[in-house]
Structure formats: C-alpha cells, structure tokens
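J.: Residue numbers (my numbering), protein chains in the order written: chain A, 10 to 185; chain B, 39 to 212.
Have a look at this one before I ask anything.
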Amino acid sequence: MAVLDILTYPDPRLKQTSSPVSSFDAPLRDFIADLEETLLAHPGCVGLAAPQAGRFERIVVLDVSGKPQVPNNGRLTLINPEIVRADGSAVGREGCLSVPDYTGNVARAEKIALKAFDSYGRECLYRMEGFEARAALHEIDHLDGLLFLDRLVSRRNALFRRKNYGLSGAAKTNPS
Amino acid sequence: MKNWFMLTLVGKDRPGIVAKVSAALYRGGANLGEASMTRLGGNFAVMLMTQYEGPPEALEKIVAPVAGGLALRLHIDPIEGELHRHVEPNVRVSVYGADRAGIVAEVTGALAEAGLNILDLESDVGGSSQRPIYIMHIEGHAEGGADKVKRIMEALTKEKNIEVQIAPIDTLLG
Ligand SMILES: [Zn+2]
C-alpha cells in the first residue's frame, strides 16, 4: 500500500483519455488499494480517478459518506463507468486535487444512473443524486481528460437556474 | 518579497481597453495577478493585481500613456497582496427586489450582523427605468455557515419585501 503522487495541471497527461480496464486481477486490486489510501490521505477529498495518480485506466474511487446529510452509496470503486441516465441540472462549486488553490462553479446533472464494474469484474448499477452524482461526474470526466476547468459557468448567469433552497423550507419562492 | 500593486483604471467603455493595458504592462516587464474587470453603467472598471520590481512611479510611466490614450483614470497602490490566498466561500446569497434607496445597506448590514464576510459581490439594476429591479449575488464566508445567515435574514425579507435566497456552498473536492 502506498500514497500515490497526484498529477497537477498543467501536466498534459491530465488531458488524455484513459483506456478501459480489461483484466480484473490482483495487480488491479493492489492499485485500487493504493488509490483508496491516497484518497484517505487528502482530508475532505471525496473521489479520485486513476489518471490523477498517473495511471491512465478507467478507474474511480468515490466516497461521499463522510459528508453529513448527503444521500450516498457508501465507498465505491467504479471501473469502466458508464452514465446510462442523467436528469436535471444544478450549479455547484468544485475543486480538484489536480488543480490546487482554485474552485469554481460547474453545472452537473442532479440525478444519474451509472453502470460500472467492481474490482472483481462484476457489473453494478448505481443511482446517485446531488453531491454524490456531482462527485461521480467530476471523476468520470478525469477519465476523458476533462477537468472542472473545462466546465466552468459564470456566477452572474447562474442566478435562478440553480436549485432553489428558499429561506424557510416551506415557503419557496419560484421566480421565473 | 514580490512587489505587488493594485492598479485601478476607470473610464468610458470602448473596445480594446484590456488588450492595450495588458500589452503595455507586458512590454514594461510587469506580471499580472488576479483581476476583476467589468462594465458598469457604460464605464469600464479594472482592478488588477500587478507585480513589478520597481517603484510605483516607474510602473505609472508604463501604464499612464496607454491609460491616457484610452481616457482612463489610473490609480496605483502598493499592496501587501500575494497570490494563493484564496478564502473558500461557504455561503451564497442571491437577492432581488424592486430597486429603492437603502436596499444594499439593509441587506449587507444584516449579512454583516450574521457574521458573513463578503468575498465577492456582483449587482445589477434591471427592469425598466420606470420599474427598476435590483439583483445581487454574494459569495462569502460565515463561521456559522448558511443556517445562521438564513435565520438572521429571514426577519429582513419578511419586513422589507425583497426576495433573498441563501444556500450553502458545499465545495466538492475530487
Ligand atoms: Zn478532480
């Protein structure tokens, strides 16, 4: 087990597309253990994609269960993930271990369904919403060489498109 | 230590301001840092962190000719700034309502009372000249988070007939 070095932009390798995993073997699981240890070594970080650690294969580890009041599927390993459904859109703030000292607003789907393999090659279907969906989409972008910097939206234009929390839970204004 | 300056340039908006000012600074050997530039009421306002290894007078000599040519007023302040000093906002406030005197003071006064440190504020006046509306976006940091800000702002919106939305900014790190 080891904490892996994280590539940071402008390293051009972060912009390349990663290849699908084809063998679900012990070396793969060793790498995933390292990726999980690397995730744990960065407090507040909820996901990592293999290319961030310099391995250009379609592997993501994800865990938003440490966030209070966030619906989640627990600690996940997503291999060769594929979004099969995406609904809604919400603007939220993102940062990235590979882009230190900068955060920005990004629009993402609010609810998704995705298929992925686990480290033993079993296919699983997950439904995700909100923060967990955002995290999964952020990590899957890394597999395609995309950073949140590629998806920034202006604050100015995001006023009433974002999720409306309202002031008191019940009396939500609905500007249009 | 790096010498940082805050350059402020203001004048009637016209094409080419940013390109001409930044080219003059580049040719003069100055480095640009963080900046905020926007068109406000037909004027263009530039706030620009600039790093320059020399006295402010020398920096002024670099910018003044191009600023003069564009009819921009120029102001240069030595600052103690540094890059990589971002404070992460954790609360987002959106406000709108009929434009009237005092709306900004009331809202920002209540936000200050709620302990919100404003990191970024943008506002616009829209609607028509007969019925103007005021729209404001704020991102800030509050020790007690969005819930405390919400409680304090709730009273204000009931009294003042303005719409205020307060949402936590829960930054994803991935
Ligand atoms: Zn990332």
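In this text, a Cβ means the ideal position worked out from N, Cα and C, and glycines have one as well.
Because the structure is a prediction, the values reported are computed rather than measured.
Could you name each continuous beta strand (DSSP E) segment of 3 residues or more that falls completely within the segment 100-153 of chain B, going from the start of the chain to the end?
T.: Counting only runs of 3 or more, we get 111-117 and 129-136.
J.: Bridge partners for residue 103 of chain A per DSSP, in chain order?
T.: Here residue 103 of chain A refers to the residue found at position 94 of the first sequence. Partner(s): A:113 and B:210.
J.: Can you give the Cα-Cα distance for residue 106 of chain A and residue 179 of chain B, rounded to whole angstroms?
T.: The residue labelled residue 106 of chain A in the question sits at position 97 within the first sequence. The residue labelled residue 179 of chain B in the question sits at position 141 within the second sequence. In a straight line, the C-alpha of residue 106 of chain A is about 21 Å away from that of residue 179 of chain B.
J.: If you measure from the beta carbon of residue 71 of chain B to each beta carbon in chain A, is any gap under 8 Å?
T.: Taking the first residue of the second sequence as position 1, residue 71 of chain B is located at position 33. No, its Cβ sits nowhere closer than 8 Å to a Cβ of chain A.
J.: Looking at residue 25 of chain A and ligand 1, is the gap between the Cβ and the nearest heavy atom below 7 Å?
T.: For the purposes of this step, residue 25 of chain A is taken as the residue at position 16 of the first sequence. Not under cutoff, so the answer is no.
J.: Give a yes or no on whether 8 Å exceeds the smallest Cβ distance from residue 110 of chain A to chain B.
T.: Locating residue 110 of chain A in the first sequence gives position 101, where the first residue counts as 1. True, the Cβ-Cβ gap to chain B drops below 8 Å.
J.: Relative to ligand 2, is the shortest distance from any of its heavy atoms to the C-beta of residue 61 of chain A smaller than 7 Å?
T.: Here the bound small molecules are ligand 1; ligand 2 is not part of this structure.
J.: Any idea if residue 114 of chain A is buried or exposed, counting beta-carbon neighbours within 10 angstroms, 16 or more meaning buried?
T.: Here residue 114 of chain A refers to the residue found at position 105 of the first sequence. Burial call: buried.
J.: Is residue 187 of chain B helix, strand or coil by DSSP?
T.: By one-based count along the second sequence, residue 187 of chain B stands at place 149. Three-state DSSP puts residue 187 of chain B in a helix.
J.: For residue 58 of chain B, which of helix, strand or coil comes out of DSSP?
T.: Stepping through the second sequence from its first residue, residue 58 of chain B is reached at position 20. Residue 58 of chain B falls in the helix class under three-state DSSP.
J.: Chain A beta carbons: is any one of them nearer than 8 Å to that of residue 137 of chain B?
T.: Locating residue 137 of chain B in the second sequence gives position 99, counting from the first residue. So no, residue 137 of chain B is outside the interface.
J.: Contact check, residue 101 of chain B vs residue 112 of chain B under 8 Å by CB: the rounded distance?
T.: Locating residue 101 of chain B in the second sequence gives position 63, where the first residue counts as 1. Locating residue 112 of chain B in the second sequence gives position 74, where the first residue counts as 1. Between residue 112 of chain B and residue 101 of chain B the Cβ distance is about 6 Å, and since that is below 8 Å, they are a contact.
J.: Mind checking which residues open and close the beta strand (DSSP E) that includes residue 41 of chain A?
T.: Counted from its first residue, the first sequence places residue 41 of chain A at position 32. That residue, residue 41 of chain A, is in no beta strand (DSSP E); its alpha helix (DSSP H) goes 35-49.
J.: Give me, in chain order, the residues of the same chain whose beta-carbon lies closer than 8 Å to that of residue 134 of chain B; leave out the 5 immediate sequence neighbours on both sides.
T.: Here residue 134 of chain B corresponds to residue number 96 of the second sequence, with the count starting at 1. Correct list, in chain order: 171, 172, 173, 174, 200 and 201.
J.: For residue 102 of chain A, which residues of its own chain have a beta-carbon under 6 Å away from its beta-carbon, when the five flanking residues on both sides are left out?
T.: On the first sequence, residue 102 of chain A is found 93 positions in, with the first residue counted as 1. Around residue 102 of chain A: 112 and 114.
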